[in-house]
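A.B. asks:
Protein chains in written order, with this note's numbering: chain A, 196 to 323; chain B, 600 to 959.
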């Protein structure tokens, strides 16, 4: 019967784990060098510039094709997020109104809060 | 012994049958995986107590017949959503705490809006946290409050505790909280002041995009994502594995942008000048000295934390002025410390035991 030591699937998983560890260790050693930081930050600056130029071109192209651009979609997502935010604010206000007025139309609001009398199990001989 | 010679060929037919069955299951489940939207974490019933911009305060509905006297305010890390602590029934720290009789609130974060790009650490430590503490006091009717802070949430909570030593904080729990930023070696190198122009970045983007935060986390373990995909395919026949993978993957991808000024301040004051460790941190003109913290404190750290290594976190307990202080080092990583099957067995019972006797 196959055991952990002779199971090919288990061997594959172990090998994968070791490969991951080895690669991560190697990458970590590489990334802790000052040269890496220099190259990464320089490349990041160049890439950001190139990405901006490409983005501007794509924007014009999509507008000419009568298609929504990334900026427009991001704006739409931000508007959705703003609506979600406003809904949360309304829910928070509603909660406060219920809480302050003691209104009983909400199922939970009508439930009395449990008493704050709980003791840890150790002080009760493990009864809880 | 040679691995090949150790193979037991009598079990080969069984293995082939098992692998064929799994391959069939993989094909079926693989289609299901692509077609379905995945589990919905964060389902423990809750009410929104406060919501303003990036700040969101929840109250989880109690389920126990009796509550501990002191409510808990959980302060989430600013880069991530709080539902990591409420993944699914049986895997939710929140569910565990409310079942154990704690009254739980959470300060969670929305993505900061463009007009919130000027938020600074002062806004978080002297504004959001005290405002939420007051809301918890009002909602619970209790004066005392316990705080649990996770990662950067722990750092903000620690700064809050140092600046409000007269209360109402009663007990402080931190999970994987960085203090010595020199020891976060990869982040240190990514943000090397000789090459990283944080002013240019923040001035041009406003809020720092989530993609950049995700990339920097991914770079700490560059092989992890690819290996994770291979492991997913291998285990795609296993519903529990897939569910857990999807929840973690969703959470990882749901990283939040950071307010620009907050990021600039983190880079300059913490990554470059290491001000918390050097006892030179000031917020709003007030010195945030960890020695001012006198409340009981528990710090849970992970043995294999690749984001906040132990060397970066270990100074918290040494620096606080509390006489009742404890550090626990547990097996696991930055996330598996607080969420997942291992956290259920390791951290949660210890947290309950420590907090329970101090929450009456």
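Using N, Cα and C, we set each Cβ at its ideal position, and we do this for glycine too. Computed from a prediction, not measured in an experiment: that's the story for all the values here.
Can you confirm whether the stretch 898-909 of chain B touches the stretch 828-837 of chain B when touching is taken to mean that 3 or more C-beta pairs between the two stretches lie within less than 8 Å?
C.D. replies: No, they do not touch.
A.B. asks: Let me see if you follow: with CB-CB separation under 8 Å, is residue 865 of chain B close to chain A or not?
C.D. replies: No, its Cβ sits nowhere closer than 8 Å to a Cβ of chain A.
A.B. asks: I'd like to know whether the C-beta of residue 267 of chain A is nearer than 8 Å to at least one C-beta of chain B.
C.D. replies: Taking Cβ atoms only, chain B never reaches closer than 8 Å to residue 267 of chain A, which makes this a no.
A.B. asks: Verify whether the separation of the beta carbon atoms of residue 642 of chain B and residue 700 of chain B is less than 8 Å.
C.D. replies: No, the pair does not count as a contact, with Cβ atoms beyond the cut-off.
A.B. asks: According to DSSP, which residues form a beta bridge with residue 925 of chain B?
C.D. replies: B:897, per the DSSP bridge assignment.
A.B. asks: Check this for me: beta carbons of residue 816 of chain B and residue 906 of chain B, under 8 Å apart or not?
C.D. replies: Yes; because the gap between Cβ atoms is below 8 Å, this pair is in contact.
A.B. asks: Which of the three DSSP states is assigned to residue 773 of chain B in this structure?
C.D. replies: The answer is strand: DSSP assigns residue 773 of chain B an E or B state.
A.B. asks: What residue from B:738, B:858, B:956, B:870 has the CA that sits closest to residue 801 of chain B's CA?
C.D. replies: Here the closest residue by C-alpha is B:858.
A.B. asks: Do you know how far the Cα of residue 876 of chain B is from the Cα of residue 788 of chain B?
C.D. replies: Those two C-alpha atoms are separated by around 18 Å.
A.B. asks: Tell me, please, which residues DSSP counts as bridged to residue 236 of chain A.
C.D. replies: Paired residue(s): none; residue 236 of chain A is not in a bridge.
A.B. asks: Since residue 238 of chain A meets chain B, which of its residues come closer than 8 Å, beta carbon to beta carbon?
C.D. replies: Result: empty, since nearest Cβ-Cβ is about 11 Å, beyond 8 Å.
A.B. asks: Closer than 9 Å by beta-carbon distance: list the chain B residues that pair up with residue 274 of chain A, in chain order.
C.D. replies: Within chain B, no residue comes near residue 274 of chain A; the closest Cβ sits about 11 Å away, beyond 9 Å.
A.B. asks: My output table needs one value for residue 614 of chain B: the three-state DSSP class, helix, strand or coil.
C.D. replies: Reduced to three states, the DSSP call for residue 614 of chain B is helix.
A.B. asks: Does residue 219 of chain A come within less than 8 Å of chain B when only Cβ atoms are used?
C.D. replies: By this cut-off, residue 219 of chain A is an interface position.
A.B. asks: Roughly how far, in whole angstroms, is the beta-carbon of residue 226 of chain A from the beta-carbon of residue 818 of chain B, given that I think they are within contact range, below 8 Å?
C.D. replies: The Cβ separation is near 7 Å, so the contact holds.
A.B. asks: Scan the stretch 658-669 of chain B for residues whose Cβ lies nearer than 7 Å to a Cβ of chain A and list them as they occur along the chain.
C.D. replies: Under the 7 Å Cβ criterion, the stretch 658-669 of chain B contributes 660, 661, 663, 664, 665, 666, 667, 668.
A.B. asks: Who are the neighbours of residue 738 of chain B on chain A, taking C-beta pairs under 8 Å?
C.D. replies: Here the neighbours are 294.
A.B. asks: Does DSSP put residue 954 of chain B in a helix, in a strand, or in coil?
C.D. replies: In the structure shown, residue 954 of chain B sits in a helix (DSSP, three-state: H, G or I).
A.B. asks: Quick one: which chain B residues come within Cβ less than 7 Å of residue 290 of chain A?
C.D. replies: Neighbours of residue 290 of chain A on chain B, chain order: 646, 647, 648.
A.B. asks: Where does residue 945 of chain B land, buried or exposed, given buried means 16+ other C-beta within 10 angstroms?
C.D. replies: Buried, since its Cβ has 16 or more Cβ neighbours within 10 Å.
A.B. asks: How do the stretch 931-947 of chain B and the stretch 765-775 of chain B stand: do at least 3 beta-carbon pairs fall below 8 Å, yes or no?
C.D. replies: Contact between the stretch 931-947 of chain B and the stretch 765-775 of chain B is present, because at least three Cβ pairs lie under 8 Å.
A.B. asks: Give the DSSP bridge partners of residue 645 of chain B, in chain order.
C.D. replies: Beta-bridge pairing links residue 645 of chain B to B:659.
A.B. asks: Do you know how far the Cα of residue 880 of chain B is from the Cα of residue 961 of chain B?
C.D. replies: Because chain B in this structure spans residues 600 to 959, residue 961 of chain B falls outside the shown range and cannot be described.
A.B. asks: Indicate whether residue 823 of chain B and residue 855 of chain B have their beta-carbon atoms separated by less than 8 Å.
C.D. replies: Taking 8 Å as the Cβ cut-off, residue 823 of chain B and residue 855 of chain B do not qualify as a contacting pair.
A.B. asks: Would you mind telling me which residues of chain B sit closer than 7 Å to residue 309 of chain A, beta carbon to beta carbon, in chain order?
C.D. replies: Residues of chain B passing the Cβ test: 661, 663, 664, 665, 666.
A.B. asks: Please report whether the beta-carbon of residue 264 of chain A lies at a distance below 8 Å from any beta-carbon of chain B.
C.D. replies: For residue 264 of chain A, the answer is no, since every Cβ of chain B falls outside 8 Å of its Cβ.
A.B. asks: From which residue to which residue does the beta strand (DSSP E) around residue 749 of chain B run?
C.D. replies: Per DSSP, residue 749 of chain B belongs to the beta strand (DSSP E) from 744-749.
A.B. asks: Quick check: residue 711 of chain B and residue 718 of chain B, are their CB atoms within less than 8 Å of each other?
C.D. replies: Going by C-beta atoms, residue 711 of chain B is nearer than 8 Å to residue 718 of chain B.
A.B. asks: Look up residue 817 of chain B in the DSSP assignment and say whether it is helix, strand or coil.
C.D. replies: If DSSP states are grouped into helix, strand and coil, residue 817 of chain B belongs with the helices.
A.B. asks: Return the bridge partner residues of residue 704 of chain B from the DSSP annotation.
C.D. replies: The partner list for residue 704 of chain B (beta bridge, DSSP) reads B:658, B:672.
A.B. asks: Run through the DSSP bridge pairs and tell me what residue 881 of chain B is partnered with.
C.D. replies: Its beta-bridge partners are B:886.
A.B. asks: Could you check what DSSP says for residue 807 of chain B in three-state terms: helix, strand or coil?
C.D. replies: Three-state result, residue 807 of chain B: strand.
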